[in-house]
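Residue numbers (UniProt numbering): 1 to 346. Backbone N, C-alpha and C fix where the C-beta goes; we use that ideal spot for every residue, glycine too. Report on one structure; see the data block that follows.
So this is what it looks like as structure tokens:
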């Protein structure tokens, strides 16, 4: 058994950092952790990483050599001794002095006790989401949630098929997205199919994530334009009036809050027993299909230099339906321009 697998025996909750997903080492980590009763938690910027490390009681991090400084800054902010396993990609900076080499945990073998039995209701992934309101919360997705959603996607969906894997087709991944790298890869690899992100479905972090999809069989339906598609198998959806406590569904063509029930719906929020978003077994999304909670954006903008306060609202947009607009209160005497603030927000 590899040393990496041995770490998982003791429920260390090893969690990978943001942008590791496209590397083979990350795939190895996923399989190792999920097969040994551990959970995975992709992360982002320093303050948010530090907050989530503390909230989730993380024992170790896995990152790339290019992101080691980000990881180290985050763990330092927690004031806890959290080891960082570092994958040397061969790009960017060399493996930092004192970094723990990920390869050693894959190549070396050690004797370990028997692996813990995995239950279907054990948490497998712990992504963070703002939910309907507020700052990000840990979304507990179980093995059952993930397997259920994968099975639901067995049906032929636009842009999502397992045939390429089954036929042994070459799959090209990018370490991160940039227009230059994307175009260069297209020219070099000449792929037959591109996986992009058109608005052909609906999902949430809390639903593993898929709820509604546009199926290939629907392409002949003239009513498909502007629709989010149909519920995936074994999934129920309904609309209720805003602030309704009875759960009574609305009729056709009436606008209301979307509620979801299905095997892919999360176990609940980590360490947030008071955050109850369920109504008689249905998960309340807080969405009128277009609504975005502004609390997280406001919190980020308030941390900008020379900004005292901020409020975010939704405004109509010709392409996206609705986009956020921020109203900010500049610090007295500051010279912050609206253009500079927009650039920072991006």
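Asked	Found
Identify which residue in 261, 61, 286, 85 has its Cα closest to the Cα of residue 78.	61
Contact check, residue 214 vs residue 264 under 8 angstroms by CB: the rounded distance?	Not really, about 18 angstroms apart at Cβ, beyond 8 angstroms.
Only counting the same chain, and skipping five residues up and downstream in sequence, which positions put a Cβ closer than 7 angstroms to that of residue 298?	310, 311, 312
Which one of 180, 173, 211 has the shortest CA to CA distance from residue 194?	173
To the nearest whole angstrom, what separates the beta carbons of residue 123 and residue 141, a pair I think is in contact under 8 angstroms?	7 angstroms
Which residues share a DSSP beta bridge with residue 278?	283
Roughly how far, in whole angstroms, is the beta-carbon of residue 211 from the beta-carbon of residue 153, given that I think they are within contact range, below 8 angstroms?	Their Cβ separation, rounded to whole angstroms, is 11 angstroms, which puts residue 211 and residue 153 out of contact at 8 angstroms.
Using the three-state DSSP reduction, which class does residue 101 fall into: helix, strand or coil?	strand
Classify residue 182: buried if its beta carbon has 16 or more other beta carbons within 10 angstroms, exposed otherwise.	exposed
Enumerate in chain order the residues of its own chain whose CB-to-CB distance from residue 88 is below 6 angstroms, with the five nearest sequence positions on each side excluded.	65, 95
Taking DSSP as the reference, what is the three-state secondary structure of residue 309?	strand
Determine the contact status of residue 239 and residue 256, defining contact as a CB-CB distance below 8 angstroms.	yes
Decide if residue 50 is buried, meaning its Cβ has at least 16 other Cβ atoms within 10 Å, or exposed.	buried
Residue 120 by DSSP, collapsed to three states: which one?	coil
Around the C-beta of residue 246, are 16 or more other C-beta atoms found within 10 angstroms, so that it is buried, or is it exposed?	exposed
Would you list the residues sitting across from residue 168 in a DSSP beta bridge?	According to DSSP, residue 168 bridges with nothing at all.
Work out the CA separation of residue 54 and residue 185 for me, nearest whole Å.	38 angstroms
In the UniProt domain "AMP-dependent synthetase/ligase" (201 to 270), which residue ranges form an unbroken beta strand (DSSP E) of at least 3 residues, counting only runs that do not cross its ends?	201 to 203, 210 to 213, 236 to 240, 257 to 261
Rounding to the nearest angstrom, what Cα-Cα distance links residue 125 and residue 139 in this structure?	8 angstroms
Rounded to whole angstroms, what is the Cα-Cα separation between residue 282 and residue 204?	14 angstroms
Is it buried or exposed for residue 301, if we count other Cβ within 10 angstroms and need 16 for buried?	buried
Do you know how far the Cα of residue 71 is from the Cα of residue 177?	20 angstroms
Counting along the chain, where does the alpha helix (DSSP H) carrying residue 344 start and finish?	338 to 345
How many angstroms separate the CA atom of residue 74 from the CA atom of residue 84?	11 angstroms
Just verifying my parser: in three-state terms, what is the DSSP assignment at residue 335?	coil
What does the Cβ neighbour count give for residue 117, buried or exposed, with the cut at 16 atoms within 10 Å?	exposed
Once the 5 residues before and after residue 236 are set aside, which same chain residues still bring their CB inside 6 angstroms of it?	261
Need the endpoints of the alpha helix (DSSP H) that residue 51 sits in, please.	46 to 56
Grab me the residues of residue 315's own chain with a C-beta within less than 8 angstroms of its C-beta, minus the 5 sequence neighbours each way, in chain order.	322, 323, 324, 325
According to DSSP, is residue 176 helix, strand or coil?	coil
For residue 63 versus residue 82, is the C-beta distance shorter than 8 angstroms?	no
Below 7 angstroms CB to CB, which residues in the same chain sit around residue 334 once its five sequence neighbours on both sides are set aside?	306
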